[in-house]
Amino acid sequence: QVQLVESGGGLVQPGGSLRLSCATSGGIFSISTMRWFRQTAGMERELVARITSEGNTLYTDSVKGRFTISRDNAKNTVYLQMNSLKPEDTAVYYCNAIVLSGGLGDYWGQGTQVTVSS
2 QVQLVESGGG LVQPGGSLRL SCATSGGIFS ISTMRWFRQT AGMERELVAR ITSEGNTLYT
62 DSVKGRFTIS RDNAKNTVYL QMNSLKPEDT AVYYCNAIVL SGGLGDYWGQ GTQVTVSS
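With our numbering applied, the sequence shown corresponds to residues 2 to 119, in that order.
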């Protein structure tokens, strides 16, 4: 069974940095696009960044120049390096992956809390 496990969230002061990781496991044949989303209470889940299997990236405007998405295909892991964090980046961050494992599926992690506050 495919599982995505996130780590790296926490409390950081404005201007600080965090690095989120999302490891995928469970009978994986290949992983296509990997994404990071975030969600705050009462709001819809927002796409933050995505990376294709070829390494092409896309970012939402509010994080361009501050966040970097990357992946290690050998480890089936996606990362989100977050620099110059702002209070408005506070949210639960979720990773998402399109995985070929038996069939093609869309999988989500459990979420990790990021809080930016002084």
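All residues carry an ideal CB built from backbone N, CA and C; glycine is no exception. Just so it is clear, the structure is predicted and the values come from calculations on it, not from any experiment.
Ignore the nearest five residues each way along the sequence and tell me which others in residue i's own chain have a CB closer than 8 angstroms to its CB.
{"i": "Arg20", "result": "Gly9, Tyr80, Leu81, Gln82, Met83"}
{"i": "Asn97", "result": "Leu5, Met35, Arg36, Trp37, Phe38, Asp107, Tyr108, Trp109, Gly110"}
{"i": "Ile29", "result": "Val3, Asn77, Val100, Leu101, Ser102"}
On the premise that residue j lies in contact with residue i, defined as a C-beta separation below 8 angstroms, what is that separation, rounded to the nearest angstrom?
{"i": "Ala92", "j": "Gln40", "result": "6 angstroms"}
{"i": "Ser85", "j": "Gly11", "result": "Between Gly11 and Ser85 the Cβ distance is about 16 angstroms, and since that is not below 8 angstroms, they are no contact."}
{"i": "Glu7", "j": "Cys23", "result": "5 angstroms"}
Residues in its own chain within less than 6 angstroms of residue i by CB, not counting five upstream and five downstream?
{"i": "Ser33", "result": "Ser54, Ile99"}
{"i": "Thr116", "result": "Leu12, Thr91"}
{"i": "Ile52", "result": "Met35, Thr58, Ile70, Arg72"}
How many Å lie between residue i and residue j at the Cα?
{"i": "Tyr94", "j": "Ser31", "result": "23 angstroms"}
{"i": "Ser18", "j": "Asn74", "result": "24 angstroms"}
{"i": "Gln114", "j": "Ala42", "result": "12 angstroms"}
{"i": "Lys65", "j": "Thr78", "result": "21 angstroms"}
If you measure from the CB of residue i, is any heavy atom of the ligand FAD nearer than 7 angstroms?
{"i": "Gly11", "result": "Among the ligands in the structure shown, none appear at all, so the ligand FAD cannot be discussed."}
With a threshold of 7 angstroms on Cβ separation, who are the neighbours of residue i within its own chain once the five nearest residues in sequence on each side are excluded?
{"i": "Gly1", "result": "Residue 1 lies beyond the residue range present for the chain, which begins at 2 and ends at 119; the question has no answer from this structure."}
{"i": "Lys87", "result": "Pro15, Val117"}
Practice task
Inspect the CB distances between the stretch 56-63 and the stretch 92-107 and report whether three or more fall short of 8 angstroms.
Solution key: no
Exercise for the section: Identify every run of the beta strand (DSSP E) within the stretch 31-114, keeping only runs that are complete inside it and at least 3 residues long; order them along the chain. Expected result: 31-40, 47-52, 58-60, 68-73, 78-83, 92-102, 104-109
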